[in-house]
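Numbering (the numbering used here), first residue to last: 8 to 445.
Yeah, the Cβ is synthetic: ideal placement off N, Cα and C, and Gly gets one too.
Notes follow once the structure below has been shown.
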Amino acid sequence: MEAVPARTRGYVACVTLLALLCLRPLPSLPTPWGALALLATVYAACEQAVRRRFAGTFHPVYPVLLAGAFLLPPPAAALVPLPGALLARVEQRPGGVRRVWRAARLTLAVWGAAWVHRALGGGDAVAASDFPYALLPAVAAVPVFCLVLAALDGGMLAVTERLPARRAWRGLLARSLAPLGVHGLAGLMMAVLWRSPYGPVAALLVLLPMYVSWWVFAQYHRERAAHQATIRALVQAVDIKDGYTRGHSERVGQASVLIARELGMADERVEVLRFAGILHDVGKLGVPTRLLRKDGPLTPEERRIIELHPEYGHEMVRGISFLGEARAAILHHHERMDGSGYPYGLVGGQIPECARVVAVADAFDAMTSTRSYSRARPVQAAVAELQRCAGTQFDPRMVTALVRALGRHGWHPAVTADEPECATAPPGPVDGRTGARR
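Shown next, in the form of structure tokens:
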């Protein structure tokens with residue numbers, strides 16, 4: 008309990024109290040205890056099986072919960088997730104608080120869905136297998152289920168991490184509607200089959216195709232984990248080779264995400280921009296270490312060699328399909344709006360949008376991070392320099408997006424190399440205005 012802040016414990020206590028209030032009418036209702044017990048048992052068993060089989064990629068067995076919402080009175084339906092949530096294994100401590108939180112949020116979500124479903128006459132329609140009328144209450148109940156979960160989860164983020172409300176709730180509902188819509192249809196099929204002459208056994212057969220979907224879901228997450236491991240390995244290799252900019256790649260990825268979100272890009276593109284920012288300097292693996300760490304100015308020939316790193320990087324990641332347009336950002340992040348950049352001297356709109364995002368993020372972090380050859384500038388000074396170079400070196404739209412994002416979220420520059428007692432000349436080519444290594 009000591010690891011959980013008091014505000015978080017208070018939030019969990021309030022949600023738990025609301026869940027208990029939902030269960031209060033249960034003793035006075037005609038409850039089909041046999042169906043309730045069977046659904047609760049199936050949910051608990053499925054949760055344990057899915058956790059063991061798909062460790063690390065677990066997706067809750069929502070069809071069983073929604074079937075309960077479609078079959079039982081709201082207070083009874085709210086009991087279905089309790090055994091599974093309270094008995095499930097918890098990876099992180101404190102386990103007790105996490106179990107109570109999980110049970111309370113699912114109880115409230117199922118109660119809300121069941122209440123809406125019953126209010127719209129869904130119980131009678133399910134019992135009579137009355138299609139298409141059975142669909143309307145279910146279609147209304149599933150978004151309520153999603154909304155309750157999103158509201159509670161967003162509240163937890165806002166309370167625990169002290170995030171602004173808009174940021175805490177952003178995207179939670181939208182991301183859950185599609186998968187939970189599929190689970191809602193599966194739950195409705197279970198409920199209708201449960202009421203049919205074939206009974207609960209036929210209803211449970213619906214879980215077989217859901218098991219296949221969980222397997223696909225698990226494979227996706229394993230593939231995603233492999234992608235992340237690939238990127239981490241490449242970034243670590245760059246950091247080891249070019250110690251002067253250690254940590255720079257991750258921060259450029261973070262700044263690229265700030266810009267992309269401010270521009271309203273879809274989550275998929277935001278993720279691609281994060282990859283682009285993280286890997287933008289991967290081509291330095293092909294540059295001789297003596298040039299990256301050289302003390303003193305570079306010769307024109309040495310500069311030309313270092314300026315090949317975008318092309319080296321593009322070749323290195325050419326076969327990594329999941330990077331998508333991030334490959335173009337790696338190749339073109341040193342292009343300039345006025346055409347004086349490299350490697351191809353592209354002008355304005357010829358430069359891919361993702362590369363224009365990374366260029367601003369790269370220069371901003373270079374200016375706001377202390378390195379062995381330059382001290383960090385204040386954020387406001389870096390922003391002023393970006394605005395001064397907007398239109399010639401940087402896309403003004405990307406600069407404006409970063410400025411707006413910084414006003415909302417702030418920025419915390421970090422030291423990327425030990426500061427020597429006496430600064431020497433930069434070990435690589437440096438942009439005279441922004442201080443970004445070229």
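Original post:
What are the residues that DSSP puts in a beta bridge with Ala397?
Top reply: Phe401
**OP:** Report the three-state DSSP secondary structure of Ala26 (helix, strand or coil).
**Re:** helix
**OP:** Find out if the Cβ-Cβ distance for the pair Leu25, Gly75 is shorter than 9 Å.
**Re:** no
**OP:** Give the DSSP-derived three-state secondary structure of Leu170 in the structure shown.
**Re:** coil
Original post:
Is it buried or exposed for Cys153, if we count other Cβ within 10 angstroms and need 16 for buried?
Top reply: buried
**OP:** Note the first and the last residue of the continuous alpha helix (DSSP H) segment covering Glu360.
**Re:** Glu360 to Thr375
**OP:** Please go through the same chain and pick out, in chain order, the residues whose beta-carbon is closer than 6 Å to the beta-carbon of Met196, but skip the five residues on each side of it.
**Re:** Val213
Subject >> The alpha helix (DSSP H) enclosing Ile337, as first and last residue numbers >> reply: Ala333 to His339
Original post:
By how many angstroms is the C-alpha of Arg182 removed from the C-alpha of Trp222?
Top reply: 19 Å
**OP:** Within its chain, find whatever has a CB closer than 6 Å to the CB of Ile358; leave out the 5 residues flanking it on each side and keep chain order.
**Re:** His339 and Glu342
Original post:
Where does Ala47 fall in DSSP's three states?
Top reply: helix
Original post:
By the 10 Å Cβ neighbour count, where 16 or more other Cβ atoms means buried, how is Gln400 classified, buried or exposed?
Top reply: buried
Original post:
With a Cβ-Cβ cutoff of 9 Å, do Val149 and Ala121 count as a contact?
Top reply: no
Original post:
Count the other CB atoms within 10 Å of the CB of Asp369; is the residue buried (16 or more) or exposed (fewer)?
Top reply: buried
Original post:
Among residues of its own chain, excluding the 5 on either side of Gly206, which ones have a beta-carbon nearer than 7 Å to its beta-carbon?
Top reply: none
**OP:** Measure the alpha-carbon distance for Ala158 versus Arg177 and round it to whole angstroms.
**Re:** 10 Å
**OP:** Examine the Cβ distances between the stretch 316 to 324 and the stretch 293 to 308 and report whether three or more of them are shorter than 8 Å.
**Re:** yes
Original post:
Taking the Cβ atom as the reference point for each residue, do Phe3 and Ala198 lie within a distance shorter than 9 Å?
Top reply: Since the first and last residues shown for the chain are 8 and 445, residue 3 lies out of range.
**OP:** Go to Pro81, then tell me how far its alpha helix (DSSP H) extends in each direction, as first and last residue.
**Re:** Pro81 to Ala84
Original post:
Less than 9 Å separating the beta-carbons of Val279 and Val245?
Top reply: no
**OP:** Please confirm whether Leu409 and Leu265 have their CB atoms less than 9 Å apart.
**Re:** yes
**OP:** Inspect the beta-carbon positions of Phe282 and Ala232 and report whether they are closer than 9 Å.
**Re:** no
Subject >> Three-state secondary structure (DSSP) of Gly207 >> reply: The sequence as given places Pro at residue 207; Gly does not occur at that position. Here Pro207 sits in helix by DSSP.
Subject >> Same chain, Cβ closer than 7 Å to Tyr50, neighbours up to 5 away in sequence not counted >> reply: Val68, Val71, Leu72, Val87, Pro88 and Gly91
Subject >> Counted within 10 angstroms of its Cβ, other Cβ atoms place Trp108 as buried (16 or more) or exposed >> reply: buried
Subject >> With 16 other Cβ atoms within 10 Å as the buried cut-off, status of Val365 >> reply: buried
Original post:
How close, in whole Å, do the beta carbons of Pro144 and Leu127 come, if the pair is a contact with beta carbons under 8 Å?
Top reply: 4 Å
Original post:
Between Val437 and Arg105, what straight-line distance do the alpha-carbon atoms span, to the nearest angstrom?
Top reply: With a pLDDT of only 40 at Val437, under 50, the local geometry of the prediction cannot be trusted, and no value is derived from it.
Original post:
Do you know offhand how far Arg363's Cα is from His228's?
Top reply: 30 Å
Original post:
Hey, quick one: how far does the alpha helix (DSSP H) through Thr114 stretch, first residue to last?
Top reply: Gly102 to Ala126
**OP:** Please report how far the alpha carbon of Arg125 lies from the alpha carbon of Val189, in whole angstroms.
**Re:** 20 Å
Subject >> Sequence-distant residues of the same chain with beta carbon closer than 6 Å to Gly63, five excluded per side >> reply: Any reading at Gly63 needs caution, since the residue's pLDDT is 49, under 50, leaving its predicted position unreliable; the model's value is listed next. So no residue of the chain qualifies.
Original post:
How should Cys396 be labelled, buried or exposed, when 16 other C-beta atoms within 10 angstroms of its C-beta is the threshold for buried?
Top reply: buried
**OP:** Measure the beta-carbon distance from Val151 to Val133 and round it to whole angstroms, keeping in mind my assumption that it falls under 8 Å.
**Re:** So it is not a contact: roughly 17 Å between Cβ atoms.
Original post:
How about Asp372 and Val259: are their beta carbons less than 9 Å apart?
Top reply: yes
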